[in-house]
Each structure stands twice: as structure tokens, then as C-alpha cells.
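Have a look at the structure below before the remarks.
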Amino acid sequence: SQQGEEDPQALSIQEGENATMNCSYKTSINNLQWYRQNSGRGLVHLILIRSNEREKHSGRLRVTLDTSKKSSSLLITASRAADTASYFCATDAGGNNRLAFGKGNQVVVIP
Amino acid sequence: ETGVTQSPTHLIKTRGQQVTLRCSSQSGHNTVSWYQQALGQGPQFIFQYYREEENGRGNFPPRFSGLQFPNYSSELNVNALELDDSALYLCASSFVLGGEQYFGPGTRLTVT
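In order, the protein sequences belong to chains A and B. For the first sequence, counting from 1, position 86 maps to 1061 in the working numbering; every step adds exactly one. For the second sequence, counting from 1, position 75 maps to 209 in the working numbering; every step adds exactly one.
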């Protein structure tokens, strides 16, 4: 079932700007993961944040997790045209990689 | 490149037919999961195999079945295809349960 719900669903920004996406979920989780997908092909793992973590960084990515609000955000700083893709959050309730994905955010970075 | 490959890339089948999709994982990846992604939607978990045994199943009917082999390859079989089975099918593997997953590029199935 689709657990994550991302907001906004579509985002268009200028190169160099920051992009922020939010994700909400309904049940308890072991961890939450963010993925990128280009042109309807395979998913690329971006970052995993565990339920006992509040913030995590990886390069230009910053992820926050608020388990009390059952929400997460993904921030991409200094966006590049190559960041144009769909971004999905996925929750892992049992820590066993059976992921429940949201509907995704379409991000377009204009050069 | 994730080291996970899938075949075929594209496939067209007729309603009622059967289809087998294949996934080849990295050596040592003893966990494989399959997902169905309809157009414009996020992937949905179909089932997971761990050391060649089914280890969890999503909300999919029994006509969706799978196999995992000792050589780190796996199959997804779908019987009695329906139009709604048209989707991108993704496999993902990892060294251990709960470890980082690596997704294949997917097989796009069209049912007419």
C-alpha cells in the first residue's frame, strides 16, 4: 500500500536554488529512505534515516525526520540540471527492506 | 550502475497470457524484493525472497509468484495477465535483510 505522501508533487526551480520536498506517513517505522528515479527507470538510493535520528546529511542532501508528526523532508541545496528527476520517500516498518513508497515528487531544474 | 540487471527491458503481452521477468543480483546478495510501479505512481511491494524462501508479501494475488536461485538470480512470474498489470517491474537486492538496496533498471510490461 502507498504509505508515504509527498508534498509538493511537482516542483520547478532555477539552477542554483534549493528544492524542498516533504513526505508524511501513517504507521511506525524503523527507517525512512529517499530515492531518485530518472525517466521511469531504476531507483537510486539517496539517503536512509533511522527512526532514532532527526537529521542526516549527504553531500548536497539534507533529510529531516519528525516521528511525532510522522513526516520527513528532503532538501537539495544548490540544485543542478542533473537533479531533474522524480524523488520518492519510502518507509521501512520492520527494518527488512519491505518498502512502502509515496507517489513521488517530480522536480525540474531549469538551467 | 548498481550491479543489478533485469531482462527483458520491454515486453508486450496479451491479456490472459503468462509472463516471466528475470533479475540478476550482485554476488552475495541473498535478499531480493520485487516492486510494481504503475505509471505516475510510486513502486508497490510485491514480495521478498531471502535465501530462496519467500519472506513477505504485499497485497498482490497468488497469480504473482516468484523464485530465487542459488546463483543470486530471481524470477517474477505473473499468470492470467490483466490490463492493470501493465507497469514497470523493479527488483532490488541487498547483502542482508535491512541493508542498503540496489535497484535494477526495471522491465516495462505492457498488457494489451
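From the three backbone atoms N, C-alpha and C, an ideal C-beta is built for every residue, glycine too.
Per DSSP, residue i forms a beta bridge with which residues?
i: tyrosine 1062(A); result: Arg1011(A) and Asn1080(A)
i: asparagine 211(B); result: Thr154(B) and Ser199(B)
i: glutamine 171(B); result: Leu222(B)
Would you mind telling me which residues of chain B sit closer than 8 Å to residue i, beta carbon to beta carbon, in chain order?
i: asparagine 997(A); result: Going along chain B, no residue has its Cβ under 8 Å from asparagine 997(A), so there is no contact; the nearest lies around 15 Å.
i: glycine 1070(A); result: Leu231 and Gly232
i: alanine 985(A); result: Correct list: empty, because the minimum Cβ distance to chain B is about 11 Å.
Can you tell which of the options has the C-alpha that lies nearest to the C-alpha of residue i?
i: alanine 1065(A); options: Leu986(A), Asn1005(A), Thr995(A) and Arg1035(A); result: Asn1005(A)
i: proline 195(B); options: Phe203(B), Asn211(B) and Tyr184(B); result: Asn211(B)
i: leucine 215(B); options: Gln171(B), Gly150(B) and Thr139(B); result: Gly150(B)
i: tyrosine 179(B); options: Asp219(B), Trp168(B) and Leu222(B); result: Looking at the sequence shown, residue 179(B) is not tyrosine but phenylalanine. When only C-alpha atoms are compared, the closest one is Trp168(B).
i: glutamine 202(B); options: Arg156(B), Thr244(B), Arg191(B) and Ile146(B); result: Arg156(B)
i: alanine 985(A); options: Asn1072(A), Leu1074(A) and Ala1060(A); result: Ala1060(A)
i: glycine 162(B); options: Ile146(B), Glu187(B) and Asn205(B); result: Asn205(B)
i: glutamine 989(A); options: Ser1054(A), Asn1072(A) and Ile1024(A); result: Ser1054(A)
In chain A, which residues lie less than 7 Å from residue i when you measure between Cβ atoms?
i: glutamine 235(B); result: His1020 and Asn1072
Name, please, each residue of chain B whose Cβ falls closer than 7 Å to the Cβ of residue i.
i: arginine 1016(A); result: Pro239 and Gly240
Using a Cβ cut-off of 9 Å, pull out every chain A residue sitting near residue i, in sequence order please.
i: serine 228(B); result: Asn1072
* If contact means a Cβ-Cβ distance below 7 Å, which residues of the segment 1025 to 1040 of chain A contact chain B? -> none
* **Interfacial residues, the segment 180 to 198 of chain B to chain A, with Cβ spacing under 7 Å** => Gln182, Gly190 and Asn193
* Contact between the segment 1069 to 1085 of chain A and the segment 166 to 181 of chain B (3+ Cβ pairs under 8 Å) -> yes
* Asked: Any residues in the segment 153 to 180 of chain B with a beta carbon nearer than 9 Å to a beta carbon of chain A? Which ones, in chain order?
  -> Thr165, Ser167, Tyr169, Gln171, Leu173, Gly174, Gln175, Gly176, Pro177, Gln178 and Phe179
* To do: Count the CB pairs spanning the segment 992 to 1001 of chain A and the segment 1045 to 1055 of chain A that are closer than 8 Å, and state whether there are at least three.
  => yes
* **Interface residues of the segment 1073 to 1084 of chain A facing chain B [CB-CB below 8 Å]** => Arg1073, Leu1074, Ala1075, Phe1076, Gly1077, Lys1078 and Gly1079
* Give the residues from the segment 208 to 226 of chain B that approach chain A closer than 7 Å (Cβ to any Cβ), ordered along the chain. => Leu222 and Leu224
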